[in-house]
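First up is the structure itself, then whatever we jot down about it.
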Amino acid sequence: MNISSATETHGEDSTRLNANGADASSDPADQLFYLTGTNTILMVPREAMPDFNTEMSTLEALVEAQQSATAELKQWQDRYIAYVQSNYFKPNERSNIEDAGGVGNKEAVGMQVLQAKVKLNQANRRLNEVIDSLSSLDSKTNNIVELIALQRRGAKSSSAGFRMGYVRSEKISSEWNRYSLSPSGHEDIVDSAGQVDWVTLRDQIQSLSNKLDGKEPWIDEWLALEDQEKELYQWSQATNVNLQVGSENGTNGEHDLGSIKVELTNEAQLMRWAYGAGGISVTSAPYEQSGTIKSSGHAELMLAQAKSELHCYEPPGGYMMAFQLPMRESASSDGDTSDKSNASKSTQLIDLGMIRSHLIVIAEGGVGASIAAELNIEADLSQANGRTVGTRGTLDTQALPGMQRLDMSTSEEEDDAGNQVRAFVGAEMSCTVSGQVEWKNPEVNEFRPFAKLAPALTAQVGGGFEGGLEISYTAGKFKFMAKAGFCWGVGAKGKVAGEIDKGLLLEFIKWVAYQLRHVNYQRLGFISDGAFQTISNIIYTVILTGEKIEDLLADTAAAVAIQAGKKYQEIKDGIDNGLERGNLTARINNDPDILKYATPEAKGAILYLLSDSNVMDYGDPRNYTSDLDLIRLGELPNRKRAIIKVFEWVQSKAEFDCVMQRVKAHIIVEEILTIQEKKSRKAEGEARIYGFLNRGESDRNTWHESYLTTSDYDNDLRRIYRDLPSTAPKGDRLVKNNVQEYFSQLRQGVAPDFYKPCNNNTEINCLPSNSEIASIA
Numbered sequence: 052m053n054i055s056s057a058t059e060t061h062g063e064d065s066t067r068l069n070a071n072g073a074d075a076s077s078d079p080a081d082q083l084f085y086l087t088g089t090n091t092i093l094m095v096p097r098e099a100m101p102d103f104n105t106e107m108s109t110l111e112a113l114v115e116a117q118q119s120a121t122a123e124l125k126q127w128q129d130r131y132i133a134y135v136q137s138n139y140f141k142p143n144e145r146s147n148i149e150d151a152g153g154v155g156n157k158e159a160v161g162m163q164v165l166q167a168k169v170k171l172n173q174a175n176r177r178l179n180e181v182i183d184s185l186s187s188l189d190s191k192t193n194n195i196v197e198l199i200a201l202q203r204r205g206a207k208s209s210s211a212g213f214r215m216g217y218v219r220s221e222k223i224s225s226e227w228n229r230y231s232l233s234p235s236g237h238e239d240i241v242d243s244a245g246q247v248d249w250v251t252l253r254d255q256i257q258s259l260s261n262k263l264d265g266k267e268p269w270i271d272e273w274l275a276l277e278d279q280e281k282e283l284y285q286w287s288q289a290t291n292v293n294l295q296v297g298s299e300n301g302t303n304g305e306h307d308l309g310s311i312k313v314e315l316t317n318e319a320q321l322m323r324w325a326y327g328a329g330g331i332s333v334t335s336a337p338y339e340q341s342g343t344i345k346s347s348g349h350a351e352l353m354l355a356q357a358k359s360e361l362h363c364y365e366p367p368g369g370y371m372m373a374f375q376l377p378m379r380e381s382a383s384s385d386g387d388t389s390d391k392s393n394a395s396k397s398t399q400l401i402d403l404g405m406i407r408s409h410l411i412v413i414a415e416g417g418v419g420a421s422i423a424a425e426l427n428i429e430a431d432l433s434q435a436n437g438r439t440v441g442t443r444g445t446l447d448t449q450a451l452p453g454m455q456r457l458d459m460s461t462s463e464e465e466d467d468a469g470n471q472v473r474a475f476v477g478a479e480m481s482c483t484v485s486g487q488v489e490w491k492n493p494e495v496n497e498f499r500p501f502a503k504l505a506p507a508l509t510a511q512v513g514g515g516f517e518g519g520l521e522i523s524y525t526a527g528k529f530k531f532m533a534k535a536g537f538c539w540g541v542g543a544k545g546k547v548a549g550e551i552d553k554g555l556l557l558e559f560i561k562w563v564a565y566q567l568r569h570v571n572y573q574r575l576g577f578i579s580d581g582a583f584q585t586i587s588n589i590i591y592t593v594i595l596t597g598e599k600i601e602d603l604l605a606d607t608a609a610a611v612a613i614q615a616g617k618k619y620q621e622i623k624d625g626i627d628n629g630l631e632r633g634n635l636t637a638r639i640n641n642d643p644d645i646l647k648y649a650t651p652e653a654k655g656a657i658l659y660l661l662s663d664s665n666v667m668d669y670g671d672p673r674n675y676t677s678d679l680d681l682i683r684l685g686e687l688p689n690r691k692r693a694i695i696k697v698f699e700w701v702q703s704k705a706e707f708d709c710v711m712q713r714v715k716a717h718i719i720v721e722e723i724l725t726i727q728e729k730k731s732r733k734a735e736g737e738a739r740i741y742g743f744l745n746r747g748e749s750d751r752n753t754w755h756e757s758y759l760t761t762s763d764y765d766n767d768l769r770r771i772y773r774d775l776p777s778t779a780p781k782g783d784r785l786v787k788n789n790v791q792e793y794f795s796q797l798r799q800g801v802a803p804d805f806y807k808p809c810n811n812n813t814e815i816n817c818l819p820s821n822s823e824i825a826s827i828a
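Take a look at the structure:
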């Protein structure tokens with residue numbers, strides 16, 4: 052960006068506004084500017100123009116430098132994540148790296164990420180030096196002033212037809228000439244439709260010419276130009292066109308007349324400057340700027356309204372959510388955190404998977420400017436619509452995407468004095484926050500939403516919450532309260548709340564299933580007993596009936612349990628119920644994937660039902676498969692196969708034991724049991740299941756028994772238990788324990804992708820259509 056200089060034209064001094072080599076003025080005259088906020092024309096003396104040019108160029112360059120550094124960081128972050136996720140030497144993965152910017156190696160790209168953070172910190176520090184010099188927005192002592200450079204005598208204009216610049220008001224001398232176009236300022240040039248009224252503005256300048264009566268010939272010269280040649284006309288048209296961006300992209304649907312309007316206040320001017328609307332360059336179109344506001348997402352800019360809609364993925368690449376749980380002493384011990392026998396037991400921090408949030412921040416005015424001016428954002432969700440502002444701080448120059456690890460079992464840490472919330476004093480325009488919490492789903496190796504933010508819920512129940520994460524079930528919805536790190540990652544302050552409605556229920560159930568697997572089927576301390584019982588009852592009912600999963604939400608956990616109990620009773624009682632149990636048997640044998648996300652509680656209840664029988668079951672042909680079943684020893688073989696298929700989804704000896712402890716007619720998440728009580732219940736479950744599987748059978752290990760003469764399901768189940776590991780594999784997709792993929796998972800222990808960051812885009816919280824059926828298969 053070049054600074055203006057003095058030259059000689061026709062033997063006289065001439066002031067030129069140089070930006071990228073283009074002339075702004077070529078006459079030996081003072082420079083004229085239109086001040087948008089006050090509807091005033093300012094005349095800057097030619098001797099003051101070099102410093103004035105420097106001010107405009109400096110303010111524009113500071114914003115450009117920050118946005119350029121932000122874009123560079125985003126580029127390197129995306130490239131680094133691509134390298135972490137893919138292998139260049141695998142042809143099917145190479146395109147991911149090439150799409151992110153080419154070849155190289157992960158270590159070199161990682162260094163570029165860290166260097167880009169240093170560069171952005173430096174750019175932000177220089178920008179903040181200027182911001183710190185500003186006064187409050189309701190003071191005229193020193194704020195940002197937006198102005199349009201007026202062209203003189205046919206000098207070159209920009210490709211946009213006008214140039215917009217910014218200066219601090221303290222740089223405008225009180226001795227310079229000002230020409231007010233109306234006593235009411237900018238308000239009367241905005242019409243009832245919210246647009247700039249060009250005819251009114253032109254007439255005001257005509258009136259000024261009449262008042263001056265030829266004392267300022269530049270006015271008459273300017274008025275003599277065709278409208279298309281007037282930069283203020285081009286500015287008014289570009290402003291009104293940009294308003295349509297808000298009308299088309301706005302999140303509120305239909306808009307009333309005048310609800311979208313041009314904003315020319317001090318706050319609006321500040322925000323446009325902070326978002327890069329400065330157009331001193333002749334090649335720049337101010338309203339068409341698309342600067343990168345955050346390195347974790349993108350922004351839709353509606354600069355005429357001084358509004359932006361930011362889509363941010365925080366933190367970039369995600370963070371590893373972890374939770375403190377007691378050390379498990381054996382497969383039979385479930386590590387319950389409140390078990391008295393475990394009170395003094397040492398704990399371990401268990402990684403549960405990658406989490407991030409997809410935030411939509413609709414920002415206006417000075418609050419929007421603070422978001423653009425700071426490297427971090429921090430939301431206050433204690434109000435119904437949520438509020439957020441920029442947070443003063445720096446980027447961690449030692450952390451790469453995906454390296455954050457956050458312990459969600461602890462309460463919020465004390466505030467860090469180094470991170471200070473920045474809200475420009477006097478800011479009145481608003482900012483709202485919405486979005487969703489997403490997890491990295493191992494089945495697709497991408498982030499998927501499983502909960503949405505609910506600021507109103509934070510305001511209602513957040514006051515007494517002191518923990519790290521808590522999930523409950525009330526009023527027909529699963530809800531969560533958490534410290535802010537649950538959405539923003541390490542270093543965030545405050546609290547957040549959200550809910551899981553019908554559209555997110557299936558993904559939420561998947562998330563819970565994988566959390567259980569990752570903790571090797573210990574009690575999930577962040578899910579309340581009522582919520583977990585509801586999850587289990589929903590899964591149980593879907594397996595029994597094949598109903599839509601989203602149709603099973605009721606007002607309370609007790610109501611969901613009653614629904615499940617009724618389904619059980621319908622199947623258990625009478626002649627028809629014997630046939631219903633045959634339906635369940637056939638459903639499991641034909642589609643065992645319906646058991647994939649079943650909790651140990653749901654598996655135990657299904658096993659109880661399958662291991663029950665009456666006389667009708669023996670006459671139901673769905674309990675027999677082939678002629679072989681009719682001639683060899685063993686009762687109800689299809690039912691026994693269904694039981695084995697339930698256990699084929701068990702992932703470890705620890706889960707096997709949990710399931711056996713929960714072979715009950717109804718799902719009840721009870722208070723913590725003693726070790727002795729757990730052993731007793733496990734023995735009861737084993738006696739029921741092994742006893743049923745052994746009905747009418749002989750052991751095949753005797754010399755006269757073989758596959759052709761008898762089934763041997765009880766020993767088949769013992770072999771499943773024998774081959775299971777003590778600890779479930781981690782980080783990969785759920786598969787049955789008898790497939791090759793499962794054994795591959797056991798060999799690697801933790802999937803390589805488990806700790807890898809990800810940066811896929813997601814849709815924001817769309818509910819399924821009425822015709823769309825959610826299945827847990």
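Numbered according to our numbering, the sequence shown terminates at residue 828, and the numbering increases by one at each position without gaps.
A virtual CB, placed ideally from N, CA and C, is assigned to each residue, including glycine.
Requested in this report: Assign Asn588 to one of three DSSP states: helix, strand, or coil.
Outcome: helix
Query - Nearest-angstrom Cβ-Cβ length linking Leu555 and Leu567, presumed shorter than 8 Å - result: Not really, about 18 Å apart at Cβ, beyond 8 Å.
**Report entry** Same chain only: Cβ atoms within 8 Å of Ile522, ignoring 5 sequence neighbours per side
**Finding:** Phe529, Lys530, Phe531, Phe577, Ile578, Ser579, Ala582
Query - Those residues which DSSP pairs with Pro377 across a bridge - result: Thr398
Query raised in the report: Hey, out of Ala802, Lys544, Ala328, whose CA is closest to Gly216's CA?
Result: Ala328
Requested in this report: Please determine, among Glu197, Ser795, Lys807, Tyr659, the residue with the shortest C-alpha to C-alpha distance to Leu744.
Outcome: Tyr659
Query raised in the report: In the structure shown, what three-state DSSP assignment does Ala610 receive?
Result: helix
Query - Sequence-distant residues of its chain with Cβ nearer than 8 Å to Gln255 (five each side left out) - result: Asn90, Leu232, Ser233, Ile240
Query raised in the report: So is Arg732 buried or exposed if we call it buried at 16+ other beta carbons inside 10 Å?
Result: buried
Query - Cβ shell of Gly245 (< 7 Å), same chain only, five flanking positions each side left out - result: Leu294, Gly309, Ile311, Lys312, Val313
Query raised in the report: Closest to Asp602 by CA distance: which of Lys553, Asn588, Trp700 is it?
Result: Lys553
Query raised in the report: Where does Cys809 sit, in a helix, a strand or coil, going by DSSP?
Result: coil
Requested in this report: Indicate whether at least one CB of chain C lies closer than 8 Å to the CB of Ala350.
Outcome: Absence of chain C from the displayed structure is noted, only one protein chain being present.
**Report entry** Element boundaries [beta strand (DSSP E), containing Ala85]
**Finding:** Correcting the residue identity first, residue 85 is Tyr in this sequence and not Ala. Here the beta strand (DSSP E) through Tyr85 covers 82-86.
Query raised in the report: So, is Arg292 buried or exposed, given that buried needs 16 or more other C-beta atoms within 10 angstroms?
Result: The sequence as given places Val at residue 292; Arg does not occur at that position. Classification for Val292: exposed.
Query raised in the report: For the putative contact between Leu110 and Val218, defined by C-beta atoms under 8 Å, what is the C-beta separation to the nearest angstrom?
Result: 7 Å
Query raised in the report: Is it true that the stretch 272-292 meets the stretch 316-326, where meeting means three or more beta-carbon pairs spaced less than 8 Å apart?
Result: no
**Report entry** Buried or exposed (CB count within 10 angstroms, at least 16 for buried), Ala133
**Finding:** buried
Report task. Going by CA-CA distance only, name the one from Glu280, Leu86, Ala319 that's closest to Asn228. Result -> Leu86
Query raised in the report: Is it buried or exposed for Thr483, if we count other Cβ within 10 angstroms and need 16 for buried?
Result: buried
Query - Nonlocal neighbours in the same chain, by C-beta distance under 7 Å from Lys125, ignoring five residues either side - result: Thr343, Ser346
Report task. State buried or exposed for Leu274, treating a residue as buried only when at least 16 other CB atoms are found within 10 Å of its CB. Result -> exposed
Query raised in the report: Whose C-beta lies closer than 6 Å to the C-beta of Ala615 among residues of the same chain, with five residues either side of it excluded?
Result: Asn588, Tyr591, Thr592
Query raised in the report: Does DSSP put Ile522 in a helix, in a strand, or in coil?
Result: strand
Query raised in the report: Thinking C-beta only, is Ile586 closer than 8 Å to Val570?
Result: no
Query - Straight-line Cα distance separating Lys787 from Leu649 - result: The question names Leu, yet the displayed sequence has Ala at residue 649. Spanning the two alpha carbons is a distance of roughly 12 Å.
Query raised in the report: Which class does Met353 belong to by DSSP, given the choice of helix, strand or coil?
Result: strand
Query raised in the report: Where does Thr483 sit, in a helix, a strand or coil, going by DSSP?
Result: strand
Query raised in the report: In this structure, does DSSP put Gly415 in helix, strand or coil?
Result: In the sequence as presented, Gly is not what sits at residue 415; that position holds Glu. DSSP places Glu415 in strand when its eight states are reduced to three.
**Report entry** Beta-carbon contacts of Asn640 that lie in its chain and below 7 Å, excluding the five residues immediately before and after
**Finding:** Asn689, Arg692, Ala693, Lys696
Query raised in the report: Taking contact to mean at least 3 C-beta pairs separated by less than 8 Å, is the stretch 365-375 in contact with the stretch 796-816?
Result: yes
Query - Start-to-end residues for the alpha helix (DSSP H) that takes in Glu33 - result: The structure shown has nothing for residue 33, since the chain only spans 52 to 828.
Query raised in the report: Taking the Cβ atom as the reference point for each residue, do Trp700 and Lys618 lie within a distance shorter than 8 Å?
Result: no
Requested in this report: Excluding the 5 residues preceding and the 5 following Tyr284 in the sequence, name in chain order all residues of the same chain whose CB lies nearer than 7 Å to its CB.
Outcome: Trp249, Asp278
Requested in this report: For Pro780, name the three-state secondary structure that DSSP assigns.
Outcome: coil
Query raised in the report: Got a sec? Which residues, its chain only, sit under 8 Å from Leu797 by beta carbon, not counting five neighbours each side?
Result: Pro776, Pro780
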